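Visitor:
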Amino acid sequence: MSDNGCGFPAPGLHSFLFKPIATVGGVEFNKVMLLALLTTLVVVTFFYAAFGKAKVIPGKLQMMGEAGYDFVRRGIVYETLGKKEGEKYVPLMVSMFFFIWIMNIWSVVPLSQFPVSSVIAYPAVLAGIVYLTWLPLTFKRHGFVGGWKNVTGYDNSLGPIKWLVSFIELFSNLLVRPFTHAVRLFANMFAGHLMLVMFTVASWYLLNSYMIPAAGVSFVMTVVMILFELFVQAVQAYVFVLLACSYLQGALAEHH
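Residues 180 to 435, numbered by my numbering, are exactly what the sequence shown covers, in order.
#1: Considering only the alpha carbon of each residue, which of Gln-241, Leu-271 and Val-235 lies closest to Arg-252?
#2: Can you pull the DSSP bridge partners for Glu-258?
#3: If you compare alpha carbons, which of Thr-312, Pro-294, Ser-291 and Gly-244 is closest to Tyr-268?
#4: Which stretch, first to last residue, makes up the beta strand (DSSP E) that contains Met-228?
#5: Should the region 276-296 be regarded as contacting the region 405-412, the criterion being three or more beta carbon pairs within less than 8 Å?
#6: Just the Cα atoms here: how many angstroms apart are Phe-365 and Val-223?
#7: Starting from Ala-303, trace the beta strand (DSSP E) both ways and give me its first and last residue.
#8: For Ala-423, which residues of its own chain have a beta-carbon under 6 Å away from its beta-carbon, when the five flanking residues on both sides are left out?
#9: Between the region 276-284 and the region 209-220, do at least 3 Cβ pairs fall closer than 8 Å?
#10: Give the DSSP-derived three-state secondary structure of Thr-359 in the structure shown.
#11: Please work out which residues of its chain come closer than 7 Å, Cβ to Cβ, to Ile-340, disregarding the five sequence neighbours upstream and downstream, and give them in chain order.
#12: Would you check if there are 3 or more beta carbon pairs closer than 8 Å linking the region 318-331 to the region 246-262?
#13: Tell me which same chain residues have a C-beta within less than 8 Å of the C-beta of Asn-209, skipping the five on either side of it?
#14: To the nearest angstrom, how far is it from the Cα of His-193 to the Cα of Arg-320?
#15: With which residues is Glu-207 paired in a DSSP beta bridge?
#16: Does Ile-236 come out as helix, strand or coil in the three-state DSSP assignment?
#17: For Val-344 versus Leu-337, is the C-beta spacing smaller than 8 Å?
#18: Which of helix, strand or coil does DSSP assign to Pro-289?
#19: Compute the Euclidean distance between the alpha carbons of Trp-342 and Trp-327, then round it to the nearest angstrom.
#20: Please check the pair Val-420 and Phe-276, which I expect to be a contact at CB under 8 Å, by giving their CB distance rounded to whole angstroms.
#21: Rounded to whole angstroms, what is the Cα-Cα separation between Ala-229 and Phe-278?
#22: Compare the Cα-Cα distances from Ser-425 to each of Gly-244, Val-288 and Asn-352 and report the closest residue.
#23: Using 8 Å as the threshold, is the C-beta distance between Pro-302 and Ala-361 below it?
Here you go:
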């Protein structure tokens with residue numbers, strides 16, 4: 180029975196907590212970790228099957244792999260970084276895109292029904308990887324002094340306010356940027372999963388009450404939410420990688 184006395188099991192933070200499946204080396208292994216591991220296996224297995232024995236005339240699986248690879252390479256990396264600068268970062272961005280996408284898709288897969296990226300640790304690690312790629316690249320490209328100018332946006336032409344602008348840029352780039360990069364993905368998946376759980380549970384609850392017509396409406400909304408989530412899941416993977424490329428582009432640019 181819920182706190183409001185109506186018996187409706189409202190979704191909440193408990194919907195994102197799972198009991199350990201097993202303990203490995205003193206570390207508790209739960210459903211979210213299992214899905215993350217399966218995500219890695221799915222991505223690696225797919226691309227190995229697609230390109231492990233690549234042919235001049237590709238089969239269906241290779242064509243799918245090439246289409247996905249080219250979408251990220253040409254549609255995101257080349258468009259943001261250019262072909263010359265971006266080529267070396269294509270493997271990283273392709274891996275991130277498909278890893279995030281599959282993590283998100285688990286939300287609508289029967290039995291799993293949970294988006295891995297709705298647990299903040301996973302987007303945070305991915306944002307950390309981008310951060311640790313972007314920051315060293317900045318100093319490597321511009322040197323120590325030039326790197327700090329790039330990070331802080333230091334510009335003598337701004338006059339007296341240059342120090343204020345530099346402080347804001349420094350705070351934004353070093354602290355706010357990785358935080359928002361992670362939270363944007365996490366928050367969208369968290370909210371989406373919460374909405375899906377709410378409509379799914381409501382459908383079942385209403386179906387077992389005298390409000391059967393309302394259950395039909397709730398079920399339709401569940402289907403609509405699933406279709407919408409499929410769109411959002413792909414968009415969030417795209418946005419995450421696009422932002423990662425834009426950060427690297429800023430590191431390579433002469434003026435930040």
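Using N, Cα and C, we set each Cβ at its ideal position, and we do this for glycine too. Small disclaimer: the values here were computed from a predicted structure and weren't measured.
Guide: Looking at the coordinates:
#1: Locating residue 252 in the sequence shown gives position 73, where the first residue counts as 1. The residue from Gln-241, Leu-271 and Val-235 with its alpha-carbon nearest to that of Arg-252 is Leu-271.
#2: Here residue 258 is taken as the residue at index 79 of the sequence shown, counted from 1. When DSSP reads this structure, Glu-258 sits in no beta bridge, so it has no partner.
#3: On the sequence shown, position 89 is the one that residue 268 refers to. The candidate whose alpha carbon is nearest that of Tyr-268 is Thr-312.
#4: As a position in the sequence shown, residue 228 is number 49, starting the count at 1. Note that residue 228 corresponds to Ala in the displayed sequence, not to Met. Careful: Ala-228 lies outside any beta strand (DSSP E), inside the alpha helix (DSSP H) at 210-230.
#5: Touching, yes.
#6: Locating residue 365 in the sequence shown gives position 186, counting from the first residue. Locating residue 223 in the sequence shown gives position 44, counting from the first residue. Rounded to the nearest angstrom, the two C-alpha atoms are 23 Å apart.
#7: Here residue 303 corresponds to residue number 124 of the sequence shown, with the count starting at 1. For Ala-303, no beta strand (DSSP E) run applies; the uninterrupted alpha helix (DSSP H) run containing it begins and ends at 300-331, by DSSP.
#8: The residue given as residue 423 occupies position 244 in the sequence shown. These residues qualify, in order along the chain: Val-309.
#9: Under the Cβ criterion (8 Å, minimum of three pairs), the region 276-284 counts as touching the region 209-220.
#10: The count along the sequence shown starts at 1 and reaches residue 359 at position 180. Of the three classes helix, strand and coil, the one that applies to Thr-359 here is helix, per DSSP.
#11: As a position in the sequence shown, residue 340 is number 161, starting the count at 1. Non-local beta-carbon contacts of Ile-340 in its own chain, meaning distances under 7 Å to residues more than five positions away in sequence, are absent.
#12: No contact exists between the region 318-331 and the region 246-262.
#13: Stepping through the sequence shown from its first residue, residue 209 is reached at position 30. Excluding residues up to 5 positions away in sequence, Phe-197, Lys-198, Pro-199 and Ile-200 lie with their Cβ nearer than 8 Å to the Cβ of Asn-209 in the same chain.
#14: For the purposes of this step, residue 193 is identified with residue 14 of the sequence shown, where counting begins at 1. For the purposes of this step, residue 320 is identified with residue 141 of the sequence shown, where counting begins at 1. Going from the Cα of His-193 to the Cα of Arg-320 covers about 46 Å.
#15: Along the sequence shown, read from residue 1 onward, the residue named residue 207 stands at position 28. The bridge partners DSSP lists for Glu-207 are Thr-202.
#16: Within the sequence shown, the letter at position 57 stands for residue 236. Coil, per DSSP.
#17: Taking the sequence shown and counting its residues from 1, one reaches residue 344 at position 165. Taking the sequence shown and counting its residues from 1, one reaches residue 337 at position 158. Contact flag set, yes.
#18: Within the sequence shown, numbered from 1, the residue matching residue 289 stands at position 110. If DSSP states are grouped into helix, strand and coil, Pro-289 belongs with coil.
#19: Taking the first residue of the sequence shown as 1, we reach residue 342 at position 163. Taking the first residue of the sequence shown as 1, we reach residue 327 at position 148. Going by the C-alpha atoms only, they are around 13 Å apart.
#20: Working through the sequence shown from its first residue, we reach residue 420 at position 241. Working through the sequence shown from its first residue, we reach residue 276 at position 97. In this structure, Val-420 and Phe-276 form a Cβ contact; the two beta carbons are roughly 5 Å apart against a cut-off of 8 Å.
#21: Within the sequence shown, the letter at position 50 stands for residue 229. Within the sequence shown, the letter at position 99 stands for residue 278. For Ala-229 and Phe-278, the distance between alpha carbons rounds to 16 Å.
#22: Against the sequence shown, residue 425 aligns to sequence position 246. Measuring from the Cα of Ser-425, the nearest candidate turns out to be Asn-352.
#23: Your numbering for residue 302 matches position 123 in the sequence shown. Your numbering for residue 361 matches position 182 in the sequence shown. Yes, the Cβ-Cβ distance between Pro-302 and Ala-361 is below 8 Å.
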